[in-house]
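Working notes, beginning with the structure itself.
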Amino acid sequence: MSATDSVVITGNEAAAIAVRLAGVQVVAAYPITPQSPVVETLSKWVDSGELRAELVRVESEHSALTVCIAAATVGARVFTATSANGLAYMNEQIWWAGGARLPVVMACVNRALAAPWNVLNDQQDSMSVRDAGWVQIYCRDNQEILDSLVQAYAIAERVQLPVMVCYDGFLLSHTSMPVSVPAAEAVQAFLPRRPPLPIVDLDRPRNIGQVTFADPRADAAGQLCHGYMELRALHQEALEGALEVIPQVGEAFGAQFGREGGGLVWSHLLEGAEVAFVAAGSVGSELTVAAEILRAEGVRAGVLGLRAYRPFPAQAVREALAGKDLVVVVDKAMSYGYEGPICSDVRAALLGSASPPAVFGTVTGLGGREVDTRQLVEAAQRALGDFRAGVRVRRADWINLKLREPA
Amino acid sequence: MKPAISEPAPQMFEIRWHGRGGQGAVTAAKILADAAFRSGFAGVASAPSFGSERRGAPITASTRLSSAPVRLHSQVSEPDIVIVLDDTLLGVANAARGLRPGGVLIVNTARPASALEVPGNVRVVTADVSAAAQAAGLVVAGAPMVNTAILGTFAAATGLVSMERLRDAIAASFPGPAAKKNYEAAVIAHDATRA
Amino acid sequence: MGTSNCGHEIAMSSPSAGEAGMTRDWRTERPDLAPELCLAVRQGKEACQLCWVYCPDVCVARGVPPVLDLTYCKGCGICAEVCPTDAIRMVPDDRGPSLPEVVRS
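Protein chains in written order, with the numbering used here: chain P, 6 to 412; chain Z, 671 to 865; chain H, 2 to 106.
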């Protein structure tokens with residue numbers, strides 16, 4: 006990356022550029038902090054003609070995703086973006102897009118969910134919809150935002166699944182850093198055009214999205230039609246297939262654009278580590294610094310970053326964490342009533358290993374609480390102390406929490 | 671004019687900005703990051719303080735300049751350099767908090783450095799940036815826009831970016847005639863900098 | 002916005018002045034109340050009081066007329082906007098540290 010081909014831009018600007026380069030045809034979105042600048046930028050480009058897309062103004066996020074579903078059904082390349090309560094507002098349509106197997110691409114600019122109200126970063130929003138059957142990719146920096154959104158269209162259109170590209174609100178969305186912007190022609194070559202699908206074809210009339218039944222049943226020609234359960238089993242298969250497609254698209258991206266496209270996971274100093282941090286998103290960067298500090302203090306620490314969170318890369322996680330004594334998961338979300346979502350998923354995946362490491366959970370950064378590298382280091386030291394004292398089951402460690410005594 | 675910071679150059683320079691909502695501190699922080707990247711810093715990052723946005727309310731921004739990609743996303747708490755767009759913020763926002771010993775405090779003020787209440791072991795650099803902005807005709811709604819002009823003082827005080835790269839970064843952020851005016855103000859502020 | 006008596010487990014509080022710091026420094030205009038136009042004064046009792054109801058920073062005390070305390074007033078102009086008789090106008094204000102002021106007339 007040199008000064009000649011990189012620009013210093015915010016994560017939101019990087020996202021908007023990716024969408025423009027991908028030749029998106031329909032954009033429908035409703036503003037919400039910290040996503041708003043993405044759509045404002047796209048709207049400006051539609052107005053100037055730099056982006057030849059239909060921008061549909063909607064009154065809510067639910068309608069925004071509905072418009073995307075409709076447009077994707079007829080073959081248009083679509084885009085929407087949202088955060089937190091906006092994501093929650095479109096919840097039923099998130100499930101719809103997944104089950105309808107539509108290649109919708111969405112940027113989720115990670116923000117805390119109300120109540121209480123908070124416009125700042127954490128990952129509770131995207132984590133709350135991890136079950137809905139989308140591909141979920143988490144970005145570490147603004148370069149990954151641009152690159153992952155471009156790749157999202159390739160992934161979505163190949164596996165016929167919606168893709169959610171998640172990046173931390175404010176920490177990435179509003180932070181400027183160098184990003185290499187590829188040439189439009191190179192991206193057009195990387196992303197083949199989707200053929201339009203006629204919705205009204207008098208020679209081949211179709212029902213789309215009709216009711217399904219519990220059991221398969223024979224149609225008028227005696228052909229067996231899948232029931233709900235078969236369709237969902239194939240949905241799950243498609244997501245499992247994405248475990249191969251995501252790295253393939255990453256490799257193809259790397260070959261085309263001359264830099265790492267990204268795979269399912271990334272790692273830093275994991276070789277020979279006794280304790281490994283696991284996280285998704287920009288906190289991974291702070292964790293690489295924390296791991297280096299720990300190594301300098303004599304603790305063999307490393308980091309495993311999850312780029313793909315759904316489908317969950319269980320095999321890659323097992324392989325990366327084999328031989329480690331302790332895993333410290335850094336969640337920026339909670340499954341209230343139990344523990345952090347990444348923590349549960351990692352621990353469950355590791356139970357398939359020969360001698361699984363202990364897994365301790367930590368929660369950090371909720372509602373934009375500052376993530377302090379030193380405190381991440383101390384959290385790892387506390388975890389190691391507990392582990393060496395024989396602890397194997399431990400309540401999540403809430404980092405940088407500031408509770409006061411009740412009045 | 672001494673260009674270098676008094677300490678041996680660290681690998682990363684952490685800069686904190688103090689302004690009021692509407693003064694353009696966030697834009698200036700981004701332009702500085704851009705100018706530094708063009709000057710050869712491999713890693714730059716610039717971010718506003720994240721909170722309620724309101725004209726007139728004190729805000730901060732953080733810029734990091736490094737020889738390697740920047741991996742921290744937190745706000746700068748122990749800056750090497752503090753830039754203050756409005757001298758009323760010295761007291762109100764405790765602008766010098768956390769400033770490292772031997773660090774540089776850059777203040778837009780017409781007052782002499784001796785009249786400012788600042789800690790002892792800090793190098794104070796002042797310039798009447800408001801006057802510089804006014805001289806260049808950079809006035810919006812009756813108030814001088816000092817955010818880009820103060821970058822000229824930053825260049826003079828630290829030598830971390832050149833005026834040429836600053837001009838390129840300003841040109842990338844503003845349309846033609848506005849870019850020219852903003853750069854002119856930066857040059858006036860640069861020349862008026864009192865170390 | 003001023004708050005106190007913060008809830009322990011939920012986001013709830015009692016409005017009070019000054020919690021957001023020296024918000025007086027934010028303003029470039031301040032409210033000026035003309036008592037002869039105030040509904041409460043004309044009716045000789047604590048009527049209307051909409052400026053007290055709407056001030057987001059607890060800078061108005063009920064009265065005949067209501068009393069504006071500019072110590073924390075951030076110059077948002079909501080009081081002038083809601084006053085049904087335009088008894089309150091916003092006038093230019095010199096921003097800068099100054100002594101607390103209570104405007105009675």
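In this text, a Cβ means the ideal position worked out from N, Cα and C, and glycines have one as well.
Rounded Cβ spacing between residue i and residue j (contact assumed at less than 8 Å)
{"i": "P:G54", "j": "P:Q193", "result": "Not a contact, Cβ separation roughly 17 Å."}
{"i": "P:R209", "j": "P:G268", "result": "With 8 Å as the limit, P:R209 and P:G268 do not qualify as a contact, their Cβ atoms being about 40 Å apart."}
{"i": "H:C52", "j": "H:V83", "result": "7 Å"}
{"i": "P:F365", "j": "P:A388", "result": "5 Å"}
{"i": "Z:V752", "j": "Z:A765", "result": "6 Å"}
{"i": "Z:G692", "j": "Z:G726", "result": "7 Å"}
{"i": "P:A285", "j": "P:I347", "result": "6 Å"}
{"i": "Z:G713", "j": "Z:A738", "result": "5 Å"}
{"i": "P:E126", "j": "P:G370", "result": "Per the sequence presented here, residue 126 of chain P reads as Asn, with Glu not at that position. Right, the Cβ-Cβ distance comes to about 7 Å (below 8 Å), so this counts as a contact."}
{"i": "H:P66", "j": "H:L34", "result": "6 Å"}
{"i": "Z:V831", "j": "Z:A699", "result": "No, Z:V831 and Z:A699 are not in contact; Cβ-Cβ is about 13 Å, not under 8 Å."}
{"i": "P:T46", "j": "P:A21", "result": "4 Å"}
{"i": "P:A278", "j": "P:A306", "result": "6 Å"}
{"i": "Z:A806", "j": "Z:I858", "result": "6 Å"}
{"i": "Z:V740", "j": "Z:L769", "result": "With 8 Å as the limit, Z:V740 and Z:L769 do not qualify as a contact, their Cβ atoms being about 20 Å apart."}
{"i": "P:I142", "j": "P:A19", "result": "With a Cβ gap of about 14 Å, P:I142 and P:A19 do not count as contacting."}
Own chain, CB closer than 7 Å to residue i, minus 5 neighbours either side, in chain order
{"i": "P:T293", "result": "H273, V308"}
{"i": "H:P98", "result": "Residue confidence is low: H:P98 scores 40 on pLDDT, short of 50, so the model does not pin down where it sits. Its coordinate-derived value is still stated next. No residues qualify anywhere along the chain."}
{"i": "Z:R686", "result": "T730, S732, V746, P749, V752"}
{"i": "P:A33", "result": "V61, V63, A69, V72, C73, T85"}
{"i": "P:S358", "result": "R323, A327"}
{"i": "P:E59", "result": "Q30, V31"}
{"i": "H:N6", "result": "S14, S15"}
{"i": "P:T9", "result": "Low local confidence applies: a pLDDT of 47 at P:T9 is under 50, so the model's placement there is unreliable, and no value is given."}
{"i": "P:R300", "result": "L274, A306"}
{"i": "P:P362", "result": "L326, K329, D330, L331, V332, L355"}
{"i": "P:D350", "result": "F317"}
{"i": "P:R198", "result": "none"}
{"i": "P:S11", "result": "P183, V184, S185"}
{"i": "P:G214", "result": "A105"}
{"i": "H:E114", "result": "Lying outside 2 to 106, the shown extent of chain H, residue 114 of chain H is not represented and no answer is given."}
Paired residues, beta bridge with residue i - DSSP
{"i": "Z:A689", "result": "This sequence places Gly at residue 689 of chain Z; Ala is not what is there. Z:G689 is bridged to Z:I729."}
{"i": "Z:L775", "result": "Z:V752, Z:V794"}
{"i": "P:D173", "result": "P:N115"}
{"i": "P:R222", "result": "P:C230"}
{"i": "Z:M682", "result": "Z:S736"}
{"i": "P:A34", "result": "P:R62"}
{"i": "P:I404", "result": "Paired residues: none, contrary to the question."}
{"i": "Z:G846", "result": "Z:G846 pairs with nothing; no bridge assigned."}
{"i": "Z:A715", "result": "Z:R734"}
{"i": "P:I142", "result": "P:V170, P:A313"}
{"i": "H:I1", "result": "Chain H is shown only over 2 to 106; residue 1 of chain H falls outside these bounds and no answer can be derived."}
{"i": "P:R25", "result": "DSSP lists no partner for P:R25."}
Proximal residues to residue i (C-beta, below 6 Å), its chain only, five neighbours per side dropped
{"i": "P:M6", "result": "With a pLDDT of 39 at P:M6, under the threshold of 50, the predicted position of this residue should be treated as unreliable, though the coordinate-derived value follows. Cβ within range, chain order: S185."}
{"i": "P:I99", "result": "V134, A137"}
{"i": "P:M95", "result": "E66, H67, L70"}
{"i": "H:L40", "result": "A48, C49, T86"}
{"i": "P:V109", "result": "C73, A77, V83, A102, P167"}
{"i": "H:V103", "result": "Any reading at H:V103 needs caution, since the residue's pLDDT is 42, under 50, leaving its predicted position unreliable; the model's value is listed next. If we look at H:V103 and ignore the five residues flanking it on each side, its Cβ neighbours are D70."}
{"i": "Z:R835", "result": "A705, R708, S709"}
Cut-off 8 Å between Cβ atoms - residues of its own chain near residue i, not counting five sequence neighbours on either side
{"i": "P:G255", "result": "Q156, E265, G266, G267, G268"}
Whole runs of the beta strand (DSSP E) within the segment 722-766 of chain Z, excluding any shorter than 3 residues:
Runs of the beta strand (DSSP E) inside the segment 722-766 of chain Z: 728-736, 751-754.
For the segment 85-101 of chain P against the segment 115-125 of chain P, do three or more pairs of beta-carbon atoms, one drawn from each stretch, fall closer than 8 Å, so that the two count as touching?
Put simply, the segment 85-101 of chain P touches the segment 115-125 of chain P. At least three CB pairs are less than 8 Å apart.
When the Cβ atoms of the segment 788-803 of chain Z are set against those of the segment 819-833 of chain Z, are three or more pairs found closer than 8 Å?
Segments in contact, yes.
Does the pairing of the segment 234-254 of chain P with the segment 323-330 of chain P give three or more beta-carbon distances under 8 Å?
Under the Cβ criterion (8 Å, minimum of three pairs), the segment 234-254 of chain P does not count as touching the segment 323-330 of chain P.
Count Cβ pairs between the segment 712-727 of chain Z and the segment 840-851 of chain Z that sit closer than 8 Å; are there 3 or more?
In short, these stretches do not touch, since the Cβ pair count stays below three.
Touch check for the segment 155-166 of chain P and the segment 13-32 of chain P: three-plus C-beta pairs under 8 Å?
Taking 8 Å as the limit for Cβ pairs, the verdict is that the segment 13-32 of chain P does touch the segment 155-166 of chain P.
Below 8 Å, can you find three or more Cβ-Cβ pairs linking the segment 194-202 of chain P to the segment 72-87 of chain P?
The segment 194-202 of chain P is in contact with the segment 72-87 of chain P.
Can you list the beta strand (DSSP E) stretches of 3 or more residues lying completely in the segment 299-382 of chain P, in chain order?
Listed in chain order, the complete beta strand (DSSP E) runs (minimum 3 residues) inside the segment 299-382 of chain P are 306-311, 313-315, 331-336, 363-368.
Is it true that the segment 803-814 of chain Z meets the segment 728-745 of chain Z, where meeting means three or more beta-carbon pairs spaced less than 8 Å apart?
The segment 803-814 of chain Z, when compared against the segment 728-745 of chain Z, does not touch it at the 8 Å Cβ threshold.
Runs of alpha helix (DSSP H) wholly within the segment 51-101 of chain P (minimum 4 residues, chain order):
Listed in chain order, they are 66-78, 89-94.
Alpha helix (DSSP H) runs contained entirely in the segment 18-77 of chain H, provided each spans 4 or more residues:
40-44, 51-55, all fully within the segment 18-77 of chain H.
Ordered list of beta strand (DSSP E) runs contained in the segment 788-832 of chain Z, each at least 3 residues:
Taken in chain order, the whole beta strand (DSSP E) runs of length 3 or more contained in the segment 788-832 of chain Z are 793-797.
Using a Cβ-Cβ cutoff of 8 Å, what residues of the segment 721-743 of chain Z are near chain C? List them in chain order.
In the displayed structure, chain C is absent; the protein chains listed are P, Z and H.
Which runs of the beta strand (DSSP E) fall wholly inside the segment 262-293 of chain P and span at least 3 residues, in chain order?
Under the rule that a run must span 3 or more residues, the beta strand (DSSP E) segments found entirely inside the segment 262-293 of chain P read 270-273, 280-284.
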